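Inspection log for the structure reproduced underneath, given as structure tokens.
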Amino acid sequence: MNKKQRLIFGVAIIIALLGYLAYMGVASNQYEVSEAVAAKEKLAGKIILVNGSLITGTDKWDPLSRTLTFKMTDGTTTIDVNYTGEKPDIPPGYTNIQVVATGQFDNNEFKAYKMLTKCPSKYEASPGNIAKQ
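Numbering (our numbering), first residue to last: 160 to 292.
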């Protein structure tokens, strides 16, 4: 192998390793609620993304502290979420709101500093809410 071939080989190895590390970093920090709860001790102190559905009627917004508390589920497991930040768009009376919360576990609660919800135009209103509109 001449110098040029060794250089190309070395660069290819470095690119492959960086790609693998980037993939593992992105792929390993997103969990469903039940997966996150099962791995809670292993994930302690780590920033993760948790996917689930907001349980209707459990959301409480405090405008003074800019804190939203709610319960989130994946249909199997439920966790308490404490989100601090801008108030997300959660119309009253709607069901099956999909949430992605970014944060970390603090004992039995998930402390989120970022929260994404499914587009409000895609929500399905509950039967009681249709009559109110």
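Glycine included, C-beta positions come from ideal geometry on N, C-alpha and C. Because the structure is a prediction, the values reported are computed rather than measured.
Check	Outcome
Proximal residues to tyrosine 272 (C-beta, below 7 Å), its chain only, five neighbours per side dropped	Thr243, Gly244, Thr261, Gly262
Residues near alanine 195 in its chain [Cβ-Cβ closer than 8 Å; skip 5 each side]	Leu202, Ile207, Val209, Ile238, Phe264, Phe269
Beta-carbon spacing of isoleucine 256, leucine 223 below 8 Å	no
Contact set for glutamate 259: own chain, Cβ-Cβ below 6 Å, skip 5 residues either direction	Looking at the sequence provided, one finds valine at residue 259 rather than glutamate. Only Leu208, Asn210, Leu275 meet the Cβ criterion.
Rounded straight-line distance, which links the Cα of isoleucine 167 to that of serine 193	44 Å
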